[in-house]
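**Student:**
Protein chains: 2
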Amino acid sequence: MINIKKLNPNLIKAQYAVRGKIVQRAYELEQEGKKIIYCNIGNPQALKQKPLTYVRQLLALCEYPKLIEDQKTKALFHKDVIEKVQRILAENPNGLGAYTQSEGMIFIRKAVSRFISERDGIESDPTKIILTDGASKGIQSVFTLLLNNPNSGFMIPIPQYPLYSATIELYGAKQINYYLDEEKHWELNKEELESSIDEAKKKGIEPVAIVVINPGNPTGSVLSKENIKMIISFAQKHNLSILADEVYQENIYSDHHKFHSFAKVMDEMKVTDVSLFSFHSTSKGFLGECGHRGGYFETKNVDSEVYSQLIKLQSIGLCSNTAGQIVTYAMVNPPQKHEDSYETYMKEKNSILGELKKKAEILGEELNKIKGMSLKFPYGAMYAFVKIDLPQEKNIRNMSKKEIAEYESKRDFNYCLELLEETGICVVPGSGFGQKPHTYHFRTTFLPPADEIKELVKKLKKFHENYLKNLSKN
Amino acid sequence: MINIKKLNPNLIKAQYAVRGKIVQRAYELEQEGKKIIYCNIGNPQALKQKPLTYVRQLLALCEYPKLIEDQKTKALFHKDVIEKVQRILAENPNGLGAYTQSEGMIFIRKAVSRFISERDGIESDPTKIILTDGASKGIQSVFTLLLNNPNSGFMIPIPQYPLYSATIELYGAKQINYYLDEEKHWELNKEELESSIDEAKKKGIEPVAIVVINPGNPTGSVLSKENIKMIISFAQKHNLSILADEVYQENIYSDHHKFHSFAKVMDEMKVTDVSLFSFHSTSKGFLGECGHRGGYFETKNVDSEVYSQLIKLQSIGLCSNTAGQIVTYAMVNPPQKHEDSYETYMKEKNSILGELKKKAEILGEELNKIKGMSLKFPYGAMYAFVKIDLPQEKNIRNMSKKEIAEYESKRDFNYCLELLEETGICVVPGSGFGQKPHTYHFRTTFLPPADEIKELVKKLKKFHENYLKNLSKN
C-alpha cells in the first residue's frame, strides 16, 4: 500500500492557501451550522452573482439544439442568440460532444483574435491562440514548456497568486521572488527586479521567465503603461519570457486607471524579441463563469517550432472542455448594439461591474479607517490585500531567519483562523501569497453582497480591536 | 526569445501518436478537399453518433434553469429530467458557474459511489472519489502523486494507449514495458510481468505502479477474472499500486465476455493492502461525450494522508469543469424504468451499442479475410489492433537494436501514411502504441457508420495488396 513517505516530494511541499487549512476549517464550521462569509476565493457565482443571460442561452442551445426547432421555445431566446448558435453549429457540426482540435475550435480562436485586435488596435494571429480549461491550465502548460532543467527559475511577484508558487514546487523548478512596492500601490520596481535576478543567478539559478499579474491578485493594483514598459525592457535585457496574467482586465473600478495589455505595450515599443504568453479567463471579469473552466492564452514572438510543442502538450490532454470553449466565445463575442440581446446584456454587465465598484469603494474606504489596518485602495481585480499591524510579542532578535519566517507566517495564519472561528469571515493569510518580513496581511475578496460587506467591515473592526487587546494581555 | 533548444527536454521527447503527424497530414488533406475517414481516435460524436437526449436535456436545463419556469418549454423536457435538475440545483444552489469543491460536487460523488456499489455489489466510499476533466487528467494526477523520484517506474502494457508513455516522458519517470500476449487475445502473462519487473529492477528502476487497460485500448480485449486475479497478486507481491483504466467498461460486444472491475475482484480476493485507482470517463461507453471532459476516479486502500495530497493537487487547478461533472452525474444516474425519459434513453443506448457491436463484427470478420492482415476479434472498447505482414525488405542482421527499432517503426508509419494519402483512411501506426519487435500493426476505431466501415474494408484490402506488390517490386 502506498504511504505518504513514498509520494512525490514536490507535491508534498506545494501549498495552495486559497483552498488551504483555513478554508477546510470553514467548511467544517459550516457543516456545524455556522454562517460563513466566504471571502477566500474569487468565485462570484458562489456569492450570489447571477450568470449573464446571453452566456447561458448560448450554452443551453448549444447543448440541446433541438430547442431551436420548436417555435414555442424560440420565443424564449433572443433572436441573435439563436442565430449565433446556428452559426456555431455550422462551424462545428460535431457539436459539444466531440473532442475538438487540441488547441480548441478554430472559429473560436478567430473570435478571440478579433477581440484582441479590437481591444488593442494591433494584429493578432488566431493560429497562435490556444483555448484552455481556465487560465490556470494554460499557465501550467507554459511552465511545463519553459522548464528546461531543475535550475530553471521563474520570477514571481510577492505577494502573488499561489498557483504560481504551487506550480513551481510541483514541477521542481526554482522560484525567484520580487517584491511589489506596497508604498507605490504595488507597482514593480526596477532596482528590486535587478537585485532579485542578480541574487538568483549568484545561487546558480537560470532565470527563464517573469510572471506579472495585472490587474493584481492579491493586490488589486492596476499597472501603468510606464511600469509595463520597464518590465518589458527588463525581460528583454535578461532574455526572459513574459507570462502576463491578465484575467482581471475587465475589473477596473477607477476612472484614472486603464488596462494596458502587455501585447499592446510591446507593440508600441516595437519589441519583437521577447516571447510573451498572455492569459485570459472566463472566470473573472463580469462573467464570473468559474465553474465552466474556460480561458485562452495568446503567444507572441514564439516561433512555430516552439509553438508546436505547446500543441503537442495540449494534445496529450486531448482538448479543453467544449462548454468552456463556448463561454470563451461568448466572452470575446458580446452582443452588438443593434442585436436583440444587447439591452439585457448591458444591463446585467453594468449592474455587476457597478456593484463590484461600489463594494471595492466600501472596503477601500472603511477598512482604512480601522486603527491598525490599512490597504491600498483596490482599483482592480476582486481583492484587497489588507495590512494588519500586529505588535511584536516575542523577541526575534536571537532567532534564525528561517525561525523568524516560520514564526511570522504562523501569526497571520492564527489571526485569520481566529477571525474565522469568531466571526465566520473566511479570508486568506498574507503568508499564503507572500509578504515582506515583519509585515502581516490578509487577502479578502469584495464579492459578497454590499450589505454583507458592510457587516463584514463592522465585524472586522471589532475583532481586530479585541485581538490586539488580548495580544497585549498575554 | 525562447527557442526549441531551451525548452523542456521531457516535452520534446514525449510522443502522442493518436494526434501525431499522420493526423496532422489528414487535416491538411481535408483542407485540400480530400474526404478523410477518421479512424484514429475514439471520438464517436465526430463520426455521427448522436448525443443522448437525456444527457443534453439535463445539461441545457442546468445551464439555463429559467426554461423550467416556463410552462411552454416544460412540455419539451421529460418530466423526470426537470425533477432531476431541480434536485441538482437544490444540492448545488450556486449552479454551474461557480467553482465546486476541488474534488467535485459531493452529491455527484455520492451518485458515483452508488453506481459502483450497484455495479459490483460492494461498498464504495463517496469521499474517496474525485471528479476529473476526463479520465486523462485523473490518470496524470495519480502519476504525479506516485512519482517519488526520477527512477520511479510505471509498468505499462505494450501495446498501450499513448497517454501513458507520453505522461511518463513528460514527468521524467521510467517506463517499464510488459508485452500483452497477442496469441492469447492480448491477456497479461505472469512470466512476462515477472521478467519485465526483474529486468527493470536490475537497471536500478524502482517500480511503483502497474497500469492495466480493461477493456483494452488499442487491443479490444476483455480480461478474464482469472487474469485480473493474477495481476492483483502480482501487484501485491511487488508492492505496486494499480491504475485500472476502465473507461470502456460499457463497451463489450460479446455474450461470452463480461467486464470485471478491479475493485470487485480485489474485494472477492479480500486484498486490502494494494492501493487501487480506478478510472472512468464520460467520453466512451454509449455516451461518447468526449468534448465535455467528464470523468472520475475511485481510490481504494489509500489512506487519508495520501488522499489529502490528491485533493491538494486537484485544488491547484481549482476543480474539474461543471458541465463535465453533470455529464458524469447523468452517466451514473440513468433514468429508471418507471421514469418518463426511460424509453427514449434505452432506445438510444441500445441503438448505439447495437451499432458498435455490428461494426466490431464487420471489422473482426472482414479484415481477418484479407491476406497478410489479421486481428483478434475486438470484444470490447472501440478499436481493433490489426497485424499486418510486411515482408522483410532490408537485411537487419547487421543493424544495432536501436537501428532496427527505428527502421521498423518507420515501416508501419510509412504504411499508414501511404494508406492515408491513397484512400483517405486515417489510422494510427502500431509503433505509436508499441508492439513486439519485427511485428507491424495499426489501430483503427470502428466508429464510422456501418456503410463506411464496409467501404473501408474494401479499400484496405485493395491498398494492402498493392502495397505488398510495390514492396516486392522495389
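Chains as they are written, first to last, in my numbering: chain U, 6 to 479; chain R, 6 to 479.
Every residue gets a Cβ at the ideal spot worked out from N, C-alpha and C, and that includes glycine.
1) Is the shortest distance between the beta-carbon of U:D85 and the beta-carbons of chain R less than 9 Å?
2) Give me the residue from R:I233, R:Q440 and R:G385 with the minimum Cα distance to R:P167.
3) Spatial neighbours of R:K115 within its chain, please: C-beta separation below 6 Å, excluding the five flanking residues on both sides.
4) Is it the case that the CB of U:V213 approaches a heavy atom of the ligand NAP more closely than 8 Å?
5) Quick one: list the residues of chain U neighbouring R:S327, beta-carbon separation under 7 Å, in chain order.
6) Output, in chain order, the set of chain R residues within a Cβ distance shorter than 7 Å of U:K89.
7) In terms of alpha-carbon separation, which member of R:I9, R:K18, R:A22 and R:K11 lies closest to R:S436?
8) Output, in chain order, the set of chain U residues within a Cβ distance shorter than 8 Å of R:Q165.
9) Give the DSSP-derived three-state secondary structure of U:D75 in the structure shown.
10) Round the Cβ separation of U:P212 and U:M160 to the nearest angstrom and send it over; I've been treating them as touching at under 8 Å.
11) From U:A268 to U:S229, what distance separates their C-alpha atoms?
12) Name the DSSP bridge partner or partners of R:Y43?
13) On the criterion of 16 or more Cβ atoms from any shown chain inside 10 Å, does U:S266 qualify as buried, or is it exposed?
14) Within 8 Å, do at least three Cβ pairs link the stretch 304-324 of chain U to the stretch 344-352 of chain U?
15) Is the distance from the Cβ of R:P396 to the Cβ of U:G102 below 9 Å?
16) Per the DSSP calculation, R:H446 is bridged to which residue(s)?
17) Can the beta-carbon of R:C44 be found closer than 9 Å to that of R:P383?
18) With H, G and I counted as helix, E and B as strand and the rest as coil, what does DSSP make of R:F468?
19) Would you mind working out which of U:I218, U:I42 and U:E353 sits nearest U:V28, comparing C-alpha positions?
20) Can you name the residues of chain R whose CB is closer than 9 Å to the CB of U:I458?
21) From the DSSP output, in three-state form, read off U:K4 for me.
22) Between the Cα of U:M6 and those of R:K242, R:D125, R:K317 and R:K463, spot the shortest distance and give me the residue it belongs to.
23) Check each candidate in R:G299, R:E370, R:K399 and R:V433 and name the one with the smallest Cα separation from R:L463.
24) For U:S283, name the three-state secondary structure that DSSP assigns.
25) Of all the alpha helix (DSSP H) runs that stay within the bounds of the stretch 333-420 of chain R, which reach a length of 4 or more residues?
26) List in chain order: all unbroken alpha helix (DSSP H) runs of 4+ residues lying wholly within the stretch 110-192 of chain U.
27) Looking at the unbroken beta strand (DSSP E) that takes in U:P212, where does it start and where does it end?
28) For R:L16 and R:P155, I'd like the C-alpha separation in whole angstroms.
29) Would R:K289 be called buried (16 or more neighbouring beta carbons within 10 Å of its own) or exposed?
30) Only counting the same chain, and skipping five residues up and downstream in sequence, which positions put a Cβ closer than 7 Å to that of U:E427?
31) Closer than 7 Å between beta carbons: that is the criterion. Which residues of the stretch 49-65 of chain R meet it against chain U?
32) From R:M487 to R:E192, what does the alpha carbon distance come to, in whole angstroms?
33) Considering just the uninterrupted stretch of the beta strand (DSSP E) at U:I87, what are its terminal residues?
34) Drop a sphere of 10 angstroms on the beta-carbon of R:T450, count the other beta-carbons inside from all chains shown, and report buried for 16 or more, exposed for fewer.
35) Are R:P162 and R:L185 close, meaning C-beta to C-beta below 9 Å?
36) What separation, rounded to the nearest whole angstrom, lies between the Cα atoms of U:L198 and U:Y183?
**Tutor:** Result, derived from the coordinates:
1) Within the first sequence, the letter at position 80 stands for residue 85 of chain U. False, the Cβ-Cβ gap to chain R never drops below 9 Å.
2) As a working note, residue 167 of chain R is residue 162 in the second sequence. Out of R:I233, R:Q440 and R:G385, R:Q440 has the C-alpha closest to the C-alpha of R:P167.
3) Against the second sequence, residue 115 of chain R aligns to sequence position 110. Cβ neighbours of R:K115 beyond the five flanking positions: P131.
4) Absent from the structure shown: the ligand NAP. Ligands present: none.
5) Counting from 1 along the second sequence, the entry for residue 327 of chain R is found at position 322. Contrary to the premise, residue 327 of chain R reads as Thr rather than Ser in this sequence. Below the 7 Å Cβ cutoff, chain U contributes G296 and H297 as neighbours of R:T327, in chain order.
6) Position 84 of the first sequence holds residue 89 of chain U. Chain-ordered listing is empty here: chain R has no CB closer than 7 Å to the CB of U:K89, the nearest sitting near 15 Å.
7) The residue you call residue 436 of chain R lines up with position 431 of the second sequence. Ranking R:I9, R:K18, R:A22 and R:K11 by Cα distance to R:S436 puts R:A22 first.
8) As a position in the second sequence, residue 165 of chain R is number 160, starting the count at 1. The premise fails here: R:Q165 is roughly 14 Å from chain U at the closest Cβ pair, so nothing lies under 8 Å.
9) As a first step, residue 75 of chain U must be located in the first sequence, where it is residue number 70. Coil at U:D75, not helix or strand.
10) The residue you call residue 212 of chain U lines up with position 207 of the first sequence. The residue you call residue 160 of chain U lines up with position 155 of the first sequence. Indeed, because the Cβ distance is near 6 Å, the residues count as touching under 8 Å.
11) Residue numbering aside, residue 268 of chain U sits at position 263 when the first sequence is read from its first letter. Residue numbering aside, residue 229 of chain U sits at position 224 when the first sequence is read from its first letter. Approximately 14 Å between the Cα atoms of the pair.
12) Within the second sequence, residue 43 of chain R is the residue found at index 38, counting from 1. Looking at the DSSP assignment, R:Y43 forms a beta bridge with R:C431.
13) Numbered from 1 along the first sequence, position 261 holds the residue referred to as residue 266 of chain U. Buried, since its Cβ has 16 or more Cβ neighbours within 10 Å.
14) Too few Cβ pairs lie closer than 8 Å, so no.
15) Taking the second sequence and counting its residues from 1, the one referred to as residue 396 of chain R is at position 391. Taking the first sequence and counting its residues from 1, the one referred to as residue 102 of chain U is at position 97. With contacts defined as CB atoms closer than 9 Å, R:P396 and U:G102 fail to qualify as a contacting pair.
16) The sequence position of residue 446 of chain R within the second sequence is 441, counting from 1. Answer by DSSP bridge pairing, in chain order: R:K392.
17) Stepping through the second sequence from its first residue, residue 44 of chain R is reached at position 39. Stepping through the second sequence from its first residue, residue 383 of chain R is reached at position 378. In this structure, R:C44 sits away from R:P383, with a CB-CB distance that is not shorter than 9 Å.
18) One-based indexing of the second sequence puts residue 468 of chain R at position 463. Three-state DSSP puts R:F468 in a helix.
19) Looking up residue 28 of chain U in the first sequence gives position 23. Nearest option by C-alpha distance: U:I42.
20) Numbered from its first residue, the first sequence carries residue 458 of chain U at position 453. Within 9 Å Cβ-Cβ: nothing; U:I458 doesn't reach chain R, min ~19 Å.
21) No statement about residue 4 of chain U is possible, as the shown extent of chain U runs from 6 to 479 and does not include it.
22) What you label residue 6 of chain U is simply residue 1 of the first sequence in a count that begins at 1. With distances taken between Cα atoms, U:M6 lies closest to R:K242.
23) Along the second sequence, read from residue 1 onward, the residue named residue 463 of chain R stands at position 458. What sits at residue 463 of chain R in the sequence shown is Lys, not Leu. That would be R:E370, whose Cα lies nearest to the Cα of R:K463.
24) Here residue 283 of chain U refers to the residue found at position 278 of the first sequence. Here DSSP, grouped into helix, strand and coil, assigns U:S283 to strand.
25) Given a length threshold of 4 residues, each whole run of the alpha helix (DSSP H) inside the stretch 333-420 of chain R is given here in chain order: 347-374.
26) Listed in chain order, they are 111-125, 139-151 and 168-176.
27) As a first step, residue 212 of chain U must be located in the first sequence, where it is residue number 207. Here the beta strand (DSSP E) through U:P212 covers E211 to I218.
28) Along the second sequence, read from residue 1 onward, the residue named residue 16 of chain R stands at position 11. Along the second sequence, read from residue 1 onward, the residue named residue 155 of chain R stands at position 150. When only Cα atoms are considered, R:L16 and R:P155 end up about 15 Å apart.
29) Stepping through the second sequence from its first residue, residue 289 of chain R is reached at position 284. The Cβ neighbour count for R:K289, taken over all protein chains shown within 10 Å, is at least 16; the residue is labelled buried.
30) Residue mapping note: residue 427 of chain U aligns to position 422 of the first sequence, counting from 1. Around U:E427: F468.
31) Cβ contacts with chain U come from Q50, A51, P56, R61, Q62, L64 and A65.
32) In the structure as shown, chain R starts at 6 and stops at 479, and residue 487 of chain R therefore has no counterpart that could be examined.
33) Taking the first sequence and counting its residues from 1, one reaches residue 87 of chain U at position 82. No beta strand (DSSP E) holds U:I87; the alpha helix (DSSP H) holding it covers K84 to E96.
34) Locating residue 450 of chain R in the second sequence gives position 445, where the first residue counts as 1. Label assigned to R:T450: buried.
35) The count along the second sequence starts at 1 and reaches residue 162 of chain R at position 157. The count along the second sequence starts at 1 and reaches residue 185 of chain R at position 180. Cβ atoms of R:P162 and R:L185: closer than 9 Å.
36) Indexing the first sequence from 1 puts residue 198 of chain U at position 193. Indexing the first sequence from 1 puts residue 183 of chain U at position 178. U:L198 and U:Y183 have their C-alpha atoms spaced approximately 6 Å apart.
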